[in-house]
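K.L.:
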Amino acid sequence: MKTAALVLLAVTTLATPQALAQAQPTPPVGPDFSKIEVKTTDLGHNTYLLEGAGGNVTVAVGKDGIIMVDGQFAPMHDKLKAAIEAKSKLPIKYLINTHFHGDHTGGNEGFSKDGVAVIAHDNVKARLAAGTTSNTTGAKTPPRPDALPKFTYSDKTTAKVKGLVAELTHPVAAHTDGDTFVYFRKAKVLATGDTFTSDRYPNIDWLNGGGIDGVIRAADTYLIIARKKTKIVPGHGPLADRARLVEYRAMLGTARDRMQKLIKDGKTEDEVQAMKPFAADLDKKWALNEQAAKNFVRVVYKSLKP
Ligand SMILES: [Zn+2]
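Under our numbering, read the sequence shown as residues 2 to 307, first letter to last.
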């Protein structure tokens, strides 16, 4: 047993640099933030989608304050603030993090300084406090003490300002181990974070408690919540509707079943990569590029391999 474990460890260690090289995200460098403009889309009922650099942002305006979901990268703070002020001069009361990744929590420090209370799942706080490792690049991010949420929760909670309720729910072990999806019932707006990406494969952060089964469960939950007129703000990609979510759920199911079979057949990750199991169909619709296709194979494999 001991020998087998040691051999396995050695193989893993040897495979890592190559695997990491394969998993480089594109583009490898961050965007030029000075050139990025925030695009605002009116979702009705004083609710807005803001697109800039990083994950999508949802902004909901109540009678005495504003609730926002996600805060992109740190350098986007001033631009996001200006875009929100263009719609309402009311104070931003809450910033909800859908998960810990920097393209969603980069704004935490800046907005906290402004007096906004950050809300997130318990595990977001734990990860930001401890420092994190990227599942795609292996890059380390040091602890971010100024980014920690003021309020955390474990299963379900609400954030309220006058005339507005945000319903927060934690889908277990999905994109990460600390995801939150937010439903603005009156506006029929559902903000999913990275558990749903409308025009691309999701990244599944297997290194930080995520898994494809959890992403599928989250999608099934959204299918119960969403009706024909529900506006779904994905973590990345354009605003979506229920029909798009149905396609996404089907893709996940196909990918999962196919990969499960390959794993049962004893295929290694390298063998699976060489087979390109999703190239004939799924990649055409969901892979932004070849690297993204490879990364999806990797994250599905990693989250299913026992
Ligand atoms: Zn993410």
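Virtual Cβ for every residue (Gly too), placed ideally from N, Cα, C.
What you are looking at is a predicted structure, and each value in this text was computed from that prediction instead of being measured.
Can you list, in chain order, the stretches of the beta strand (DSSP E) that have 3 or more residues and sit fully within the region 24-104?
P.N.:
As far as the region 24-104 is concerned, its whole beta strand (DSSP E) runs of at least 3 residues are 40-45, 48-52, 58-62, 67-70 and 93-97.
K.L.:
Whose CB is closer than 5 Å to a heavy atom of ligand 1? List the residues in chain order.
P.N.:
The filter returns 102 and 195, in chain order.
K.L.:
Taking all protein chains shown into account, decide if residue 309 is buried (16 or more other Cβ within 10 angstroms of its Cβ) or exposed.
P.N.:
A query on residue 309 cannot be resolved here, the shown segment of the chain reaching from 2 to 307 and no further.
K.L.:
Check the C-beta distance from residue 190 over to residue 48 and give it rounded, since I have them as a contact under 8 Å.
P.N.:
Correct: roughly 5 Å between the Cβ atoms.
K.L.:
Are residue 260 and residue 302 closer than 8 Å when you measure CB to CB?
P.N.:
Against a cut-off of 8 Å, the Cβ pair of residue 302 and residue 260 comes out as a contact.
K.L.:
Could you pull out every unbroken alpha helix (DSSP H) segment of at least 4 residues lying fully inside the region 219-283, listed in chain order?
P.N.:
Runs of the alpha helix (DSSP H) inside the region 219-283: 243-265 and 270-276.
K.L.:
Could you tell me the boundaries of the alpha helix (DSSP H) in which residue 126 lies?
P.N.:
That run of the alpha helix (DSSP H) goes 123-131.
K.L.:
Can you tell me where the beta strand (DSSP E) with residue 184 in it begins and where it stops?
P.N.:
From DSSP, the beta strand (DSSP E) with residue 184 extends over 182-185.
K.L.:
Taking 8 Å as the threshold (C-beta atoms), are residue 223 and residue 213 in contact?
P.N.:
Their beta carbons are not under 8 Å apart, which means residue 213 does not touch residue 223 by this criterion.
K.L.:
Under the rule that 16 or more other beta-carbon atoms within 10 Å means buried, what is residue 220, buried or exposed?
P.N.:
That one is buried.
K.L.:
Comparing C-alpha positions only, which one of 266, 79 and 197 sits nearest to residue 249?
P.N.:
For residue 249, the nearest C-alpha among the options comes from 197.
K.L.:
Return the chain-ordered list of same chain residues with a C-beta closer than 7 Å to the C-beta of residue 255, the five sequence neighbours on each side being excluded.
P.N.:
283, listed in sequence order.
K.L.:
Does the Cβ of residue 205 have 16 or more other Cβ atoms within 10 Å, making it buried, or fewer, making it exposed?
P.N.:
Answer is buried; the Cβ neighbour count reaches 16.
K.L.:
Locate the beta strand (DSSP E) running through residue 1, then write down its first and last residues.
P.N.:
Nothing about residue 1 can be read from this structure; the chain reaches only from 2 to 307.
K.L.:
Am I right that residue 100 and residue 125 are in contact with their C-beta atoms under 8 Å? What's the rounded C-beta distance?
P.N.:
Indeed, because the Cβ distance is near 6 Å, the residues count as touching under 8 Å.
K.L.:
When we look at the beta-carbon of residue 276 and count the other beta-carbons within 10 Å, is it buried (16 or more) or exposed?
P.N.:
Classification for residue 276: exposed.
K.L.:
Rounded to the nearest angstrom, what separates residue 152 and residue 202 at their Cα positions?
P.N.:
So the two alpha carbons sit approximately 31 Å from each other.
K.L.:
What distance in whole Å lies between the Cβ atoms of residue 173 and residue 1, which are believed to be in contact at a cut-off of 8 Å?
P.N.:
For the chain, the structure presents residues 2 to 307; residue 1 sits outside this window and is missing.
K.L.:
So residue 295 is in the alpha helix (DSSP H); what residue range does that whole segment cover?
P.N.:
Residue 295 -> alpha helix (DSSP H) spans 291-305.
K.L.:
Between 293, 192 and 263, which lies nearest to residue 68 when the distance is taken from Cα to Cα?
P.N.:
Looking at the Cα atoms, 192 is the closest of the given residues.
K.L.:
On the premise that residue 177 lies in contact with residue 167, defined as a C-beta separation below 8 Å, what is that separation, rounded to the nearest angstrom?
P.N.:
At roughly 20 Å, the Cβ-Cβ gap does not stay under 8 Å, so residue 167 and residue 177 are not in contact.
K.L.:
Out of curiosity, what's the CA-to-CA distance linking residue 157 and residue 60?
P.N.:
If you take the alpha carbons of residue 157 and residue 60, they lie about 20 Å apart.
K.L.:
Helix, strand or coil: which one does DSSP assign to residue 163?
P.N.:
Of the three classes helix, strand and coil, the one that applies to residue 163 here is coil, per DSSP.
K.L.:
Here's a check: name, in chain order, each residue in its chain whose Cβ is nearer than 8 Å to the Cβ of residue 288, leaving out the five neighbours to either side.
P.N.:
Hits under 8 Å: 201, 202, 279, 294 and 297.
K.L.:
Between 186, 144 and 87, which lies nearest to residue 228 when the distance is taken from Cα to Cα?
P.N.:
Per the Cα distances, 186.
K.L.:
Determine contact between the region 128-137 and the region 79-86, defined as no fewer than three beta-carbon pairs at a distance below 8 Å.
P.N.:
Not touching, per the Cβ criterion.
K.L.:
Output the distance between the C-alpha atoms of residue 87 and residue 58, rounded to the nearest integer angstrom.
P.N.:
Their Cα atoms are separated by approximately 15 Å.
K.L.:
Among 163, 36, 115 and 56, whose alpha-carbon lies nearest the alpha-carbon of residue 148?
P.N.:
Per the Cα distances, 115.
K.L.:
So which of 230, 179, 225 and 194 has the shortest CA-CA distance to residue 188?
P.N.:
The shortest C-alpha separation from residue 188 is found at 230.
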